[in-house]
Amino acid sequence: MKGFVFHGAGQSAWEEVPDPGLKDPTDAIVRVDAVTICGTDLHILKGDVPEVPSGTVLGHEAVGEVVETGSDVRTVRPGDRVLVSCITACGRCRFCREGAYGQCQGGGGWILGHLIDGTQAEYVRVPHADLSVHPLPGALENQDAVLFADIFPTAYEVGVINGGVRPGDTVAVVGVGPIGLAAILTARLYSPERIIAVDLADSRLEAARRLGADAVVPVRDEPEQLVADLTDGLGADVVIEAVGVPESFEMCTRMVRPGGRVANVGVHGKPATLHLEDLWIKNVTITTGLVDTSSTPTLLRMAASGRVPTAPLVTHTFPLDQMEEAYEVFAHAADTGALKVVLGEQRHDELAVPAA
Numbered sequence: 001m002k003g004f005v006f007h008g009a010g011q012s013a014w015e016e017v018p019d020p021g022l023k024d025p026t027d028a029i030v031r032v033d034a035v036t037i038c039g040t041d042l043h044i045l046k047g048d049v050p051e052v053p054s055g056t057v058l059g060h061e062a063v064g065e066v067v068e069t070g071s072d073v074r075t076v077r078p079g080d081r082v083l084v085s086c087i088t089a090c091g092r093c094r095f096c097r098e099g100a101y102g103q104c105q106g107g108g109g110w111i112l113g114h115l116i117d118g119t120q121a122e123y124v125r126v127p128h129a130d131l132s133v134h135p136l137p138g139a140l141e142n143q144d145a146v147l148f149a150d151i152f153p154t155a156y157e158v159g160v161i162n163g164g165v166r167p168g169d170t171v172a173v174v175g176v177g178p179i180g181l182a183a184i185l186t187a188r189l190y191s192p193e194r195i196i197a198v199d200l201a202d203s204r205l206e207a208a209r210r211l212g213a214d215a216v217v218p219v220r221d222e223p224e225q226l227v228a229d230l231t232d233g234l235g236a237d238v239v240i241e242a243v244g245v246p247e248s249f250e251m252c253t254r255m256v257r258p259g260g261r262v263a264n265v266g267v268h269g270k271p272a273t274l275h276l277e278d279l280w281i282k283n284v285t286i287t288t289g290l291v292d293t294s295s296t297p298t299l300l301r302m303a304a305s306g307r308v309p310t311a312p313l314v315t316h317t318f319p320l321d322q323m324e325e326a327y328e329v330f331a332h333a334a335d336t337g338a339l340k341v342v343l344g345e346q347r348h349d350e351l352a353v354p355a356a
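No gaps in the numbering here: position 287 of the sequence shown is 287 in the numbering used here, and each next residue is one more.
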């Protein structure tokens with residue numbers, strides 16, 4: 001088969017790789033019908049995640065069909081259409097028993113496209129399949145469903161829930177790429193008074209406005225001052241950091257009110273300064289986290305019922321074998337206007353009728 005392989009910082013290729021096979025009785029092999037690219041994949045390609053071995057197939061999000069299962073798999077069987085979660089869970093370790101699947105110590109956590117071969121390929125081996133793939137409702141199309149492998153649970157759990165968004169809050173989202181936009185959509189479920197979106201790119205700010213941000217501000221226009229003006233000088237109740245660079249994190253800590261919450265979602269490749277000389281007196285709570293995906297079943301049900309819109313996030317689609325072109329489009333989002341790119345063919349239960 002072919003897969004998108006990482007060969008060290010700045011080096012990657014769509015190339016022939018060995019077909020995956022069952023290694024453990026809890027494994028499933030999934031044929032990939034839809035896959036997407038994450039900002040974390042760009043961090044890997046830049047060398048920000050040094051534990052990724054050269055030769056690894058990247059990707060940790062997919063929709064596909066189960067083609068083979070190990071003898072211990074009970075929840076899915078060949079022929080099932082499933083979502084492959086970005087997080088793998090053994091279900092038995094201390095953290096899994098607490099629902100903290102992202103911290104799994106039994107061979108799970110974030111391993112796909114990180115420590116083992118991932119989903120940006122024609123087939124993928126998924127360990128601990130019973131808790132790591134989710135049967136999909138027929139109402140969800142592939143390109144919509146794949147957004148629930150990572151960006152929606154990440155934005156919801158690490159941003160909105162960790163940030164403690166409550167009715168009447170002022171929420172500032174710094175960085176409105178796909179994760180930030182998903183944070184806006186899921187924060188709205190809690191009826192905040194206002195949501196303020198901050199970004200470098202005007203195209204992403206316009207997308208944020210369409211998806212429910214009440215105010216948008218480019219970084220060049222003093223977003224901290226706008227937040228202060230809208231809150232009578234107090235600052236935001238919740239600030240969600242969805243970029244992953246020192247400047248954005250430090251801006252978030254200046255933007256939050258006394259007693260407020262900063263929820264860091266961004267993947268950081270460099271140290272950021274924590275200005276405790278200013279923060280120690282402000283009763284500020286700062287949270288970090290890797291997504292657990294414990295919310296994925298709930299989010300899928302909400303998406304199937306139309307409560308969580310997804311279509312506006314997918315701006316570009318490609319066949320699976322155009323992976324390198326898709327990466328170029330996604331990596332230059334400021335120029336291409338890309339939000340989320342999805343690769344794959346149409347669903348296999350949809351028959352193409354030839355023209356007469």
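Backbone N, C-alpha and C fix where the C-beta goes; we use that ideal spot for every residue, glycine too.
Identity of the residues DSSP links to residue i by a beta bridge
i: Thr287; result: Ala263
i: Ile196; result: Ala172, Ala215
i: Thr88; result: Gly109
i: Pro312; result: According to DSSP, Pro312 bridges with nothing at all.
i: Pro127; result: Looking at the DSSP assignment, Pro127 forms no beta bridge with any residue, so it has no partner.
i: Thr69; result: Ala28
i: Ala121; result: Gly3
i: Ile116; result: Leu112
i: Thr273; result: According to DSSP, Thr273 bridges with nothing at all.
i: Phe318; result: Leu343
Contact under 9 Å by Cβ, residue i with residue j
i: Val76; j: Thr69; result: yes
i: Gly235; j: Asp199; result: no
i: Leu339; j: Arg209; result: no
i: Ala187; j: Val239; result: no
i: Val219; j: Ala197; result: no
i: Lys270; j: Val308; result: no
i: Asp144; j: Thr310; result: yes
i: Glu157; j: Ser294; result: yes
i: Leu343; j: Ala34; result: yes
i: Glu277; j: Met251; result: no
i: Ala9; j: Val66; result: no
i: Val265; j: Val284; result: no
i: Ala139; j: Val73; result: no
i: Gly39; j: Pro153; result: no
i: Ala331; j: His316; result: no
i: Ser54; j: Phe6; result: yes
i: Ala228; j: Ile195; result: no
i: Ala207; j: Leu189; result: no
i: Leu211; j: Pro312; result: yes
Three-state secondary structure assigned by DSSP to residue i
i: Thr26; result: coil
i: Leu343; result: strand
i: His7; result: coil
i: His43; result: helix
i: Ile278; result: First, the residue type needs correcting, since residue 278 is Asp and not Ile in the sequence shown. Looking at Asp278 - three-state DSSP - the assignment turns out to be helix.
i: Glu324; result: helix
i: Ala352; result: The predicted model places Ala352 with a pLDDT of 38, which falls under 50 and marks its position as unreliable; any figure quoted below should be read in that light. In the structure shown, Ala352 sits in coil (DSSP, three-state: anything other than H, G, I, E or B).
i: Leu300; result: helix
i: Ser12; result: strand
i: Asp292; result: coil
i: Val63; result: strand
i: Pro246; result: helix
i: Ala236; result: strand
i: Asp80; result: coil
i: Thr241; result: This sequence places Glu at residue 241; Thr is not what is there. Residue state, collapsed to three classes: strand.
i: Thr336; result: helix
i: Asp33; result: strand
i: Thr56; result: strand
i: Asp150; result: coil
i: Val158; result: helix
i: Val133; result: strand
i: Pro258; result: strand
i: Thr253; result: helix
i: Pro18; result: coil
i: Thr186; result: helix
Whole-angstrom C-beta distance between residue j and residue i, which should lie under 8 Å
i: Gly102; j: Leu290; result: 4 Å
i: Asp292; j: Ile87; result: 6 Å
i: Cys90; j: Gly107; result: 6 Å
i: Val267; j: Asp48; result: 7 Å
Contact test: residue i Cβ vs the ligand SAM heavy atom, cutoff 8 Å
i: Gln105; result: As presented, the structure is devoid of all ligands, the ligand SAM included, so that no description of it is given.
The segment 159-168 in contact with the segment 116-132 per 3-pair CB rule at 8 Å: no
Cβ contact check for the segment 135-148 and the segment 286-304: 3 or more pairs under 8 Å: yes
Contact between the segment 76-85 and the segment 132-146 (3+ Cβ pairs under 8 Å): Yes: at least three Cβ pairs fall under 8 Å.
The segment 109-116 contacting the segment 255-268, beta-carbon criterion three pairs below 8 Å: Fewer than three Cβ pairs drawn from the segment 109-116 and the segment 255-268 lie within less than 8 Å of each other, which leaves the two stretches out of contact.
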